Amino acid sequence: MVDFIPPAARRVVVLGTGGTIAGRAASSGDNIGYTAGEVPVADLLGGIAAPEGITLAAEQVAQLDSKDMGFDVGLQLAQRCAALLSEADVAGVVITHGTDTIEETAYFLHAVLAPAKPVVLTCAMRPASSLSPDGPQNVRDAMAVAATAGAGGVTVVCAGTIHGAPDVQKVHTYRADAFASGDAGPVGYVEEGAVRRLRDWPRSGAPFALDAAEIAAMGWPRVEVVMSHAGASGALIDLLVQERASGAAAPVRGLVLAATGNGTVHHALEAAALRAQQAGIEVLRATRCASGRILPRPDDRLRDAGALTPVKARIALMLELLAVKKKAQGAA
Ligand code: SIN
75 MVDFIPPAAR RVVVLGTGGT IAGRAASSGD NIGYTAGEVP VADLLGGIAA
125 PEGITLAAEQ VAQLDSKDMG FDVGLQLAQR CAALLSEADV AGVVITHGTD
175 TIEETAYFLH AVLAPAKPVV LTCAMRPASS LSPDGPQNVR DAMAVAATAG
225 AGGVTVVCAG TIHGAPDVQK VHTYRADAFA SGDAGPVGYV EEGAVRRLRD
275 WPRSGAPFAL DAAEIAAMGW PRVEVVMSHA GASGALIDLL VQERASGAAA
325 PVRGLVLAAT GNGTVHHALE AAALRAQQAG IEVLRATRCA SGRILPRPDD
375 RLRDAGALTP VKARIALMLE LLAVKKKAQG AA
């Protein structure tokens, strides 16, 4: 049986996590000297008209500068989204977030939730106290996506553009239109409250069962990102391997090499990464390039992360290691 939900009963829930969108500066002309994560999410909705037939609700999940984001907040968001999306009258969820790590939270939610309904992250490059804040329009556009019939998956909406979670990257330090989707291009645009879609909504595989108590007991697997660059050495990796061998409390379990071009790695770093792999640490190469994917070669000795950026490859590897640990514990 298909539930019939009259349009008037549809809800969009806005979860607040902080960021510049909730930032406040001493002067309205100051767009960089503000404190992120100050304005409550309910206040951010003031004066923004909900899409027709939609009732809005706001919940504060966190209030921080997203440079300090951790997976415990990601887990809280995932659980809250899953609960809300299972309610028949919830059309979708909007999450207000800082721009600096929004692509990481979006990718995490994409990987663990695989939602049929829309989860739309949005942000701002100028604080709420700005003479001309970009947050209100972004929130309005995000709500429009969340309320759109047939919308789904995890997206990031900024400056009128809808980006898919697997593709989105922050590419500018200052401009309001700070995001790009690389080769994939945007999912679409929001124009005067209407979605103009260019391609399919992002979809992922099966949802990943995340149990907060289980993760608290197991801990998030530690995965570090190490960059390959001219003059790189293997010293950092060797230190991590030594630390692990010494019985440290949270030893490194995975490494992402932020590799050059088509996944190439400085020979000294590669030698250290191979030693780490030999010692039982999972190693993944992800390209530093803003666009494109790593095309595998038959002589590769270290796995590659395809089109994932190093920070997204880190999340993918953390989830992979978590799944391995869960399986091992289930089998024990
Ligand atoms: C943050 O990421 O929380 C601060 C920067 C921003 O939102 O633009």
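Take 75 as the starting number for the sequence shown in the numbering used here and just add one per residue. Even for Gly, the Cβ is constructed at its ideal location relative to N, Cα and C. Quick caveat: nothing in here was measured; it's all calculated off a predicted structure.
Would you please verify whether the beta carbon of residue i is less than 8 Å from any beta carbon of chain C?
i	result
Gly308	Looking at the structure shown, chain C is missing, and only one protein chain is on hand.
Would you identify the three-state DSSP class for residue i, choosing helix, strand or coil?
i	result
Phe253	strand
Val326	strand
Leu396	helix
Asp274	coil
Ile128	strand
Val385	helix
Met292	helix
Ile176	helix
Val339	coil
Ala283	coil
Val470	Outside the displayed span of the chain (75 to 406) sits residue 470, for which this structure offers no information.
Val264	strand
Ala82	Model confidence at Ala82 stands at a pLDDT of 47, short of 50, so the residue's coordinates are unreliable; what they give is reported in the following sentence. In this structure, Ala82 counts as helix in the three-state DSSP scheme.
Val76	Residue confidence is low: Val76 scores 42 on pLDDT, short of 50, so the model does not pin down where it sits. Its coordinate-derived value is still stated next. Coil at Val76, not helix or strand.
Asp215	helix
Would you decide whether residue i is buried or exposed? Buried here means 16 or more other CB atoms lie within 10 Å of its CB.
i	result
Gly279	exposed
Ser160	exposed
Thr179	buried
Asp139	buried
Thr247	exposed
Glu407	This structure does not reach residue 407, given that the chain is present from 75 up to 406, and the question cannot be answered.
Glu133	exposed
Arg273	exposed
His303	exposed
Ala291	exposed
Arg84	buried
Arg359	buried
Give me the residue from the options with the minimum Cα distance to residue i.
i	options	result
Asp225	Pro189, Ser206, His246 and Lys244	It is worth fixing the name first, because residue 225 is Ala in this sequence and not Asp. Ranking Pro189, Ser206, His246 and Lys244 by Cα distance to Ala225 puts Pro189 first.
Ala96	Phe145, Gly103 and Leu118	Leu118
Asp215	Ala402, Thr170 and Ala346	Thr170
Ala283	Val398, Gly92 and Ala218	Val398
Leu393	Arg371, Tyr181 and Ala250	Tyr181
Met199	Pro192, Val193 and Pro207	Pro207
Pro240	Leu382, Arg388 and Ala402	Leu382
Thr196	Leu89, Leu187, Ala223 and Leu376	Leu89
Ala323	Arg296, Val330 and Leu310	Arg296
Arg371	Ala350, Ala390 and Gly337	Gly337
Leu331	Gln352, Val385 and Ile289	Val385
Ala350	Gly328, Trp275 and Val339	Gly328
Leu205	Leu130, Leu272, Asp274 and Ala100	Ala100
Ser255	Arg154, Thr235, Thr173 and Val269	Thr235
Glu266	Ala123, Val87, Val115 and Thr109	Ala123
Ala157	Leu187, Val315 and Ala116	Leu187
Ser203	Ala250, Trp275 and Asn105	Asn105
Asp163	Thr129, Ala258 and Gly335	Thr129
Gln352	Val315, Arg362, Ala342 and Asp257	Val315
Val193	Ala390, Val87, Glu298 and Glu288	Val87
Pro260	Pro276, Gly209, Arg249 and Ala268	Pro276
Per DSSP, which residues does residue i bridge with? Please list them.
i	result
Pro192	Gly227
Leu138	Gly92
Cys232	Thr235
Arg359	Leu331 and Asp378
Thr170	Gly90 and Thr196
Gln243	Ala254
Arg98	Thr109
Val164	Arg85
Glu133	Leu89
Val269	Val264
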